[in-house]
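Visitor: Let me give you the structure first, and then I'll get to my questions.
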Amino acid sequence: MSAPSIDWFTESVQECTTQRQYMRHRFLRTVQKQSPWLALASIFSILFGLPLIPLQATFALSVLQSLSSLLFIVASLRVVYDTWRWSRMTRLLVSAVLIWFFVQVYTLLSSHASYSHLFSTDDFFSDASHRQVTTDFIMSLLVMLGYLLCHFRFNRASQTILSIAILMPVTGLLAQAYHIPDAYGQLSLLTSVAGVLCAMSLIAKQVSQTSLSYLLLLDDTGQHLRWIVAVLFLCAIALGGMGVLFGHDPHLTPLLITLALNAIVLVMTLNYYRKGVMHDQVLPPEELAFASELEAAIAHQEFYLVYQPQMDFLTGKLVGVEALIRWQHPQHGVVPPNKFIGVAELTGLIVPMGAWVLKVACQQVAAWKTGDLSQVKVSVNVSPMQLRSPGFTDYVLQVLRETGLSAERLVIELTESALVHSDCKGTESLQALKQLGVKLAIDDFGTGYSCLAYLRDIPGDYLKVDRSFVNDVPGKERSEAVTSAIVVLGKNLHYQIVAEGVETQAQADYLKSLGCDLVQGFLYARPMEEKALQEWVNNGT
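Numbering (the working numbering), first residue to last: 2 to 542.
Next comes the structure, spelled out in structure tokens:
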């Protein structure tokens, strides 16, 4: 489920921050989605490249080469598992890869005439002193360490180690550029390709969580950071070449330059991260990581709906329900909506989430064909971003057709801030919904901008008195005055008045005396899942 495109050109200046947050999140999520594919590329580079590498002179070197490849494969398979989760296809993939790899390792090791080297410790370490194979093995250990740190959520340390691993092949490239034979840190081609791909997959997996994500920003700050890093890179490489030219130890110079490049990347990104130069343009790293979990939850349908009854004040009958979303997190249990709705709105995930809520709520209400639930209306909250997204009206019409729910039983709830900032597209959508027969409710009235013009121009049906006013009545004179004014205004404009958040009998009596038509709150019923609601209705509670 993916969010449809949004026309940001009609947004106000205040919402440009939301645009940047949304665009950065979507970009980083796109990078994260590439992590399993990078991991698969690392795996297949090993599986196809292992038979093609030159046969190592001794059994010990072949063992080290095989261990290096195994560590890359284990880390890569874990990235695939963490992203795609455990399924039949994932199990088949893991089994096939491991069988294929061990068959190749057996073929490689059995090519040696004798296995006696395995039992001779002195010969083993003597052979392992071969620089290239040893460096290959060191890179595989760095990648595995980076994976373990990532697994235990030491993200900054993990990305530091993985950055060093990614830049290790630079040492060999610099040695070739400086015409230095047998320099420290020269990796084999197979390890360079497989190791870099594996390390990149691990960084992509956690890219939104730490400071290295600042290097990927597409705005002016990100470009500025990349220019500084690029210039420092060129300076370090040029100084290294001058050092070789004037007689510095040629074998050590490429290694020192590689370490300097790592230091440049880490110091620059951490400096930007600590200063918080992007605080007004992006979500904090923790919330970006939370947004990534939220998008995965949408893809894996980890949400469910609860319904809060709405009662007729005069007759006491059930006339409607409000559909409310809940998140069943696989590790943290039920996550309340106030924890994730704000992040969903800032990142644009509210669009696919709201589409899911609308469809599931209509399906459920349409399925109630008997008893007191057969005629109830369902209220669904719609965000401003949903209202302005292309095709929203068509989507509502499609849902009504697919579910068989009559338009008169659907109530779209919008906050007053959404109506105040509603552009031409939003107003057209509201008019189109009214023509379909869908009811409109104005939520949280009196808590935002309280512009009265939209009450005159928008053909609404319900006006909801916010719980912040209900909590203070009766007893507080100012709250009573505001609440009474809202009810009188709504009645004169032919709205039905809904009092929400009613928790005491005194509140209910006062609001009923003002002329409120409908009521919902804990005094009558808490939000319930579908089965509990059925029992509540059948018991005549």
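Beta carbons are placed, not taken as given, at the ideal position from N, Cα and C, and that holds for glycine.
Please read all numbers here as calculations on a predicted model, not as lab measurements.
#1: On the three-pair Cβ rule with 8 Å, is the stretch 520-530 touching the stretch 484-491?
#2: Below 8 Å between beta carbons: does that hold for V397 and L359?
#3: Just the C-alpha distance for E536 and D373, rounded to the nearest angstrom, thanks.
#4: Excluding the five sequence neighbours on either side, which residues of its own chain have a C-beta within less than 7 Å of the C-beta of P475, listed in chain order?
#5: Between I100 and S70, how many whole angstroms is the CB-CB distance? I'm expecting something under 8 Å.
#6: Within a Cβ cutoff of 8 Å, which residues of the same chain sit near A237, ignoring the five residues on either side of it in sequence?
#7: If distances are taken between C-alpha atoms only, which option among G438, V381 and E429 comes closest to T1?
#8: In terms of DSSP beta bridges, what is P310 paired with?
#9: Starting from Q399 and walking both ways along the alpha helix (DSSP H), at which residues does that stretch end?
#10: In the structure shown, what three-state DSSP assignment does R527 receive?
#11: Mapping DSSP to helix, strand and coil, what is K370?
#12: Using 8 Å for Cβ pairs, my map puts D137 next to T172. What's the rounded Cβ distance?
#13: Report all residues from its chain with a CB closer than 6 Å to the CB of K378; omit the five preceding and five following residues, and keep chain order.
#14: Could you please give the first and the last residue of the uninterrupted beta strand (DSSP E) stretch that includes A500?
#15: Could you name the residues of the same chain whose beta carbon sits closer than 7 Å to that of G355, not counting the 5 residues immediately before and after it, in chain order?
#16: Whole angstroms are fine: how far does the CA of E296 sit from the CA of D462?
#17: Could you check the C-alpha separation between S407 and T505 for me, to the nearest Å?
#18: Using a Cβ-Cβ cut-off of 7 Å (strictly less than) and excluding sequence neighbours within five positions of L168, which residues of its own chain qualify?
#19: Comparing C-alpha positions only, which one of A298, A300 and F234 sits nearest to V268?
#20: As a quick exercise: from W328, G405, T404 and L93, pick the residue whose alpha carbon is nearest that of L78.
#21: Classify G147 as buried or exposed, calling it buried when 16 or more other Cβ atoms lie within 10 Å of its own Cβ.
#22: Roughly how many angstroms separate the alpha carbons of F120 and V64, rounded to a whole number?
#23: Would a C-beta distance cut-off of 8 Å place K435 and P460 closer than the cut-off?
#24: State buried or exposed for D518, treating a residue as buried only when at least 16 other CB atoms are found within 10 Å of its CB.
Guide: Let me spell this out:
#1: The stretch 520-530 vs the stretch 484-491: no contact.
#2: One-based indexing of the sequence shown puts residue 397 at position 396. One-based indexing of the sequence shown puts residue 359 at position 358. For the pair V397 and L359, the CB atoms are nearer than the 8 Å cut-off.
#3: Reading the sequence shown from its first residue, position 535 is the one you call residue 536. Reading the sequence shown from its first residue, position 372 is the one you call residue 373. Cα-Cα distance, rounded: 11 Å.
#4: The residue labelled residue 475 in the question sits at position 474 within the sequence shown. Excluding sequence neighbours, P475 sits near E481, A507 and Y511.
#5: One-based indexing of the sequence shown puts residue 100 at position 99. One-based indexing of the sequence shown puts residue 70 at position 69. The Cβ separation is near 15 Å, so there is no contact.
#6: Taking the first residue of the sequence shown as 1, we reach residue 237 at position 236. Counting only Cβ-Cβ distances below 8 Å, and skipping sequence neighbours, we find I258, A261, L262 and I265.
#7: Lying before the first or after the last residue shown, residue 1 is absent from the chain, which here runs from 2 to 542.
#8: Locating residue 310 in the sequence shown gives position 309, counting from the first residue. In DSSP, P310 forms a bridge with V322.
#9: The residue you call residue 399 lines up with position 398 of the sequence shown. F393 to T404 is the span of the alpha helix (DSSP H), which, as asked, contains Q399.
#10: The count along the sequence shown starts at 1 and reaches residue 527 at position 526. Of the three classes helix, strand and coil, the one that applies to R527 here is coil, per DSSP.
#11: Working through the sequence shown from its first residue, we reach residue 370 at position 369. In the structure shown, K370 sits in coil (DSSP, three-state: anything other than H, G, I, E or B).
#12: Position 136 of the sequence shown, counted from the first residue, corresponds to residue 137. Position 171 of the sequence shown, counted from the first residue, corresponds to residue 172. For D137 against T172, the beta-carbon gap comes to about 13 Å, at or over 8 Å, which does not count as contact.
#13: Within the sequence shown, the letter at position 377 stands for residue 378. Taken in chain order, the residues that qualify are G321, R410 and V412.
#14: By one-based count along the sequence shown, residue 500 stands at place 499. Here the beta strand (DSSP E) through A500 covers Q497 to E501.
#15: Within the sequence shown, the letter at position 354 stands for residue 355. Closer than 7 Å at Cβ, skipping near neighbours: V383, S384 and Q387.
#16: To locate residue 462, count along the sequence shown from 1; it is residue 461. To locate residue 296, count along the sequence shown from 1; it is residue 295. Cα to Cα, D462 sits roughly 34 Å from E296.
#17: Stepping through the sequence shown from its first residue, residue 407 is reached at position 406. Stepping through the sequence shown from its first residue, residue 505 is reached at position 504. Going by the C-alpha atoms only, they are around 34 Å apart.
#18: Counting from one through the sequence shown, the residue named residue 168 turns up at place 167. Taken in chain order, the residues that qualify are T259, L262 and N263.
#19: The count along the sequence shown starts at 1 and reaches residue 268 at position 267. For V268, the nearest C-alpha among the options comes from F234.
#20: Residue 78 sits at position 77 when you count from the first residue of the sequence shown. That would be L93, whose Cα lies nearest to the Cα of L78.
#21: Within the sequence shown, residue 147 is the residue found at index 146, counting from 1. Per the 10 Å Cβ criterion, buried.
#22: What you label residue 120 is simply residue 119 of the sequence shown in a count that begins at 1. What you label residue 64 is simply residue 63 of the sequence shown in a count that begins at 1. Because F120 carries a pLDDT of 44, less than 50, the predicted location of this residue cannot be relied on, and the following value inherits that uncertainty. Approximately 12 Å, taken between the alpha carbons.
#23: In the sequence shown, counting from the first residue as 1, residue 435 sits at position 434. In the sequence shown, counting from the first residue as 1, residue 460 sits at position 459. Taking 8 Å as the Cβ cut-off, K435 and P460 qualify as a contacting pair.
#24: Here residue 518 refers to the residue found at position 517 of the sequence shown. Buried, by the Cβ-count rule.
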